[in-house]
Every structure is written in C-alpha cells, then in structure tokens.
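Some notes on the structure that comes next.
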Amino acid sequence: MILEVSQLNLSFDQKPVLKDFSFALNKGEIACLLGPSGCGKTTALRTIAGFEQPDSGKIILNGKTLSDGLTFIPPHLRHVGMVFQDYALFPHLTAAQNIAFGIHKQSVDKRQQRVKELLDLIELADYGERYPHQLSGGQQQRIALARALAPKPELILLDEPFSNLDADLRTQLSKEIRQLLKKENTSAILVTHDQHEAFAIADKIGLMSAGRLNQWDTPYKLYHEPADIYTAHFIGAGVLLQGTVTDNQCIQLPVGTFHGPLPSLYKNGDELHVLIRPDDIVYDENSLITAEILDKDFKGNYFVYTLKINSGETISMQIPAHYNHTIGSHIGICMNLEHLIAFSK
Ligand code: ATP
1 MILEVSQLNL
11 SFDQKPVLKD
21 FSFALNKGEI
31 ACLLGPSGCG
41 KTTALRTIAG
51 FEQPDSGKII
61 LNGKTLSDGL
71 TFIPPHLRHV
81 GMVFQDYALF
91 PHLTAAQNIA
101 FGIHKQSVDK
111 RQQRVKELLD
121 LIELADYGER
131 YPHQLSGGQQ
141 QRIALARALA
151 PKPELILLDE
161 PFSNLDADLR
171 TQLSKEIRQL
181 LKKENTSAIL
191 VTHDQHEAFA
201 IADKIGLMSA
211 GRLNQWDTPY
221 KLYHEPADIY
231 TAHFIGAGVL
241 LQGTVTDNQC
251 IQLPVGTFHG
261 PLPSLYKNGD
271 ELHVLIRPDD
281 IVYDENSLIT
291 AEILDKDFKG
301 NYFVYTLKIN
311 SGETISMQIP
321 AHYNHTIGSH
331 IGICMNLEHL
341 IAFSK
C-alpha cells in the first residue's frame, strides 16, 4: 500500500468540507475522485498535497506519516507531484526547462538524461526547445505531467487535468496519461467530475458526496454493483422503477418481470427500487407492454429514446439507429435485465 488516508475531517469557516474521509491506494494504482461540484474533491487532493491542514485524521505515504495530530509535513517535503488544472507551466521557460525545474539539484548530466527520457516517454522528443505558447493544450498537459514525474515522486496528484480540452481529446489523453503513469509505475490520484474520464483512466474510483466517500471501488463494480441509490444515480444512465417481489421468486416491474435468482433476504411482497439502464430495455414489436416515444437523441450508430411507460414514469432505451420511429408513436418494449441492481424501499 502506498497511501493511507484515514478519518480526515476538515472545515472551512466551521463548514465541514471533508467528513471522515478514508481510503487506501495500492502502489502503482491510479485512482479518481469523482463527484458533483462542491463535494470536496479538490480539497481532498489539496489536503493530501499538504496545501490544507486537516482538523483531524491521518495521511501516511509509503509508511511515512505526512499528517496527523502531531505531524504536518509541508508540501515540498512530501515527495508528491502535482499537476494543476491550468498546467501552470512557466511561460518564460522552454518545455525542457519546465521539466527540469523540479530536479535542479541533480547534476547537469543526470538532469539532461531524465529530461530526455521524459520527453521520449511523452512522445515530444522534438519539442524540448519550444515555449509553452508554441504548444497545443494537449502537449502542454503532457509537459506538465513530465515536470511532475521528473523527481520520481511517490505519488502524483492531478486536479481536473483535462478540463481545458475538448471532449475527444480528453478521452484520448486520459488513456495516454494512464499509459505514461503505468510505464513509470507511479501511483496517482486524479480529480474529475466526468465519469467517462474516470472510467478511461482509473483503477479505482472514489465517488464523493458532500465531503464523504460514498463508494471506493473499481469502475466496473461502481457501475454494476453500486452500494446505494446515490451511486446508482450518479454512475451511468438509468432510472429507478418500483418493483414488487412475487411469490415465485420474481420481481414484477412496469416494464416486465425479472425472473430471479433473487437474494435470499427478499420476501414475497417486498417493495424495491430497481435500476433500469437504457440497454436493459429492448424493442419488441410483439410485446404487450407499450410505451410512448417522448423524445429521441441520435448518437450515430444508435438512438436513445425517452419513453413514457404505462405507470406514467419516464425511462430511456438504447436502440439501433435503423429503428427510426417517430416521436409521439407507441412501440412495444420488453425488459432484458441480465443483472439485478435493486434497493429496499
Ligand atoms: P468542483 O468540482 O466545482 O471543483 P470540488 O468537489 O472540487 O468542486 P472543493 O473545491 O473541494 O469542491 O470545495 C468544497 C467546498 O469547500 C465548497 O463548498 C467550497 O466553496 C468550499 N471551499 C473550498 N475552498 C475553500 C476555502 N479556501 N475557503 C472556504 N471555503 C472553501
């Protein structure tokens, strides 16, 4: 384990911003703190970096206590690298000089070798002499990462590193940065409010809600095994429909029947909230269950239809693009739920 954060509490002006915030990161792992605006992601990152002092709790990096009731190691002594939202490259220094900034105490030879190694790693070997304004946003981002990696920190923290880039570049760069961090075997924590970015880059995602860590898990588990309704709503698309457990181990829903197996704690007559994602609903022209198309979004190879079902609730359905039904028409649907995600009411 490289980082242990336990029971952090921090308030600004008596307003709690981090509440009993705890997680552990394994060596070489990339984690993402995800959550809505204002939930405390940046504050958590800044506290780990040492820019904020917690009211209580403990931070241990590679066996060394960085912060607890007795100890507070300042940021520059933590062996933690930071990449900021705006890259914060020095405009009067070249890309190579920016990368070399954090290793100025090393010999000239060692420094040049590390800068070359990093420029090669980020595939900008020919760009070392350029100034930041002569580089694209994505290139500046990679230089900022190389600068943070140069001193071989034990941990890299990245605060919304892709927020200044357009959507396509964000996904591409998330993957590239993941590969770079893995090649250097550097542990990292990244802050984002974009779950697609988190899915592309992270081994573990910490979903935050009002200063607390709601769930700390792999992206796959967060999506397929959300711990509670908050996570289920936040991750992926979907709606919660009311279901009733019936006596033959099934759940009756307004869009069909889910035929078990059900967890043993469910009893006949139990009322549940069941998560229905857009790909759990399929078009079936012979189905007796119908729904009205309220809206449709063209996504290229598929549509997402917004449907009003007979219970009056609204659901989404993902449907291949050749099914181009008109808004306002009624279509037959059936439920194709492989994996039950349900919460007791
Ligand atoms: P975003 O996604 O919008 O960047 P975030 O999840 O990173 O949000 P934080 O920036 O950590 O959220 O802020 C959490 C809360 O703490 C907010 O209510 C914010 O207003 C407050 N806050 C942050 N920094 C300070 C500060 N220095 N002084 C007072 N309050 C602060």
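Residues 1 to 345, numbered by the UniProt record's numbering, are exactly what the sequence shown covers, in order.
Glycine included, C-beta positions come from ideal geometry on N, C-alpha and C.
Legend entry - One or two residues paired with residue 91 in a DSSP bridge: Partner(s): none; residue 91 has no beta bridge.
Legend entry - Per-residue DSSP class, three states only, for residue 349: The requested residue 349 is not part of the displayed model; the chain covers only 1 to 345.
Inset, instruction - Report the three-state DSSP secondary structure of residue 118 (helix, strand or coil). - result: helix
Inset, instruction - Would you tell me roughly how many angstroms separate the C-alpha atoms of residue 300 and residue 96, rounded to the nearest one? - result: 42 Å
Inset, instruction - On the DSSP bridge assignment, give the partners of residue 159 in chain order. - result: 191
Legend entry - For residue 46, the first and last residue of its enclosing alpha helix (DSSP H): 41-49
Legend entry - Touching by the beta-carbon criterion (3+ pairs, under 8 Å), the region 159-167 and the region 136-144: yes
Legend entry - Rounded straight-line distance, which links the Cα of residue 197 to that of residue 190: 10 Å
Legend entry - Proximity to residue 37 [Cα-Cα], best of 21, 213 and 208: 208
Legend entry - Alpha carbon of residue 292 to alpha carbon of residue 187, nearest angstrom: 49 Å
Inset, instruction - Take every Cβ of the region 222-233, pair it with every Cβ of the region 56-72, and state whether three or more of those distances are shorter than 8 Å. - result: no
Legend entry - Inter-residue spacing [alpha-carbon to alpha-carbon] between residue 70 and residue 6: 15 Å
Legend entry - Sub-9 Å separation of residue 193 and residue 34 beta-carbons: yes
Inset, instruction - Evaluate residue 317 with the Cβ neighbour count: other Cβ atoms within 10 Å of its Cβ, from every protein chain shown; 16 or more gives buried, anything less gives exposed. - result: buried
Legend entry - Residue range of the unbroken beta strand (DSSP E) whose run includes residue 31: 30-34
Legend entry - Proximity test, residue 13 beta-carbon vs the ligand ATP heavy atom, cut-off 8 Å: yes
Legend entry - Distance between residue 180 and residue 117 (C-alpha atoms, nearest Å): 12 Å
Legend entry - For residue 234, the three-state DSSP class (helix, strand or coil): helix
Legend entry - As assigned by DSSP and simplified to three states, the class of residue 279: helix
Legend entry - Distance between beta carbons of residue 103 and residue 153, contact taken as under 8 Å: No, residue 153 and residue 103 are not in contact; Cβ-Cβ is about 11 Å, not under 8 Å.
Inset, instruction - Using three-state DSSP, classify residue 111 as helix, strand or coil. - result: helix
Legend entry - residue 305 and residue 325 closer than 9 Å at C-beta: yes
Inset, instruction - Give the DSSP-derived three-state secondary structure of residue 294 in the structure shown. - result: strand
Inset, instruction - If I'm right that residue 91 touches residue 132 with Cβ under 8 Å, what's the distance once you round it to whole angstroms? - result: 5 Å
Inset, instruction - Write down every uninterrupted run of the beta strand (DSSP E) in the region 212-274 whose length is 3 residues or greater and which is fully enclosed by it, in chain order. - result: 212-217, 239-246, 250-253 and 256-259
Legend entry - Closer than 8 Å: residue 160 CB and nearest the ligand ATP heavy atom: yes
Inset, instruction - Give me whichever residues DSSP pairs with residue 320 in a beta bridge. - result: 302
Inset, instruction - Just mark residue 200 as buried or exposed, buried being the case when its beta carbon has 16 or more other beta carbons within 10 Å. - result: buried
Inset, instruction - Report yes if the C-beta of residue 39 is less than 8 Å from at least one heavy atom of the ligand ATP; otherwise report no. - result: yes
Inset, instruction - Within the same chain, show all residues whose beta-carbon is closer than 8 Å to that of residue 339, passing over the 5 residues directly before and after it, in chain order. - result: 224
Inset, instruction - State yes or no: is the C-beta of residue 196 nearer than 8 Å to some heavy atom of the ligand GDP? - result: For the ligand GDP, the structure offers nothing, since it holds only the ligand ATP.
Legend entry - residue 270 versus residue 245 - alpha carbon distance: 5 Å
Legend entry - Boundaries of the beta strand (DSSP E) in which residue 7 is found, first to last residue: 3-12
Inset, instruction - With distances taken Cα to Cα, identify the nearest neighbour of residue 77 among 255, 272 and 155. - result: 155
Inset, instruction - Report the option in 205, 3 and 75 whose CA atom is closest to the CA atom of residue 25. - result: 3
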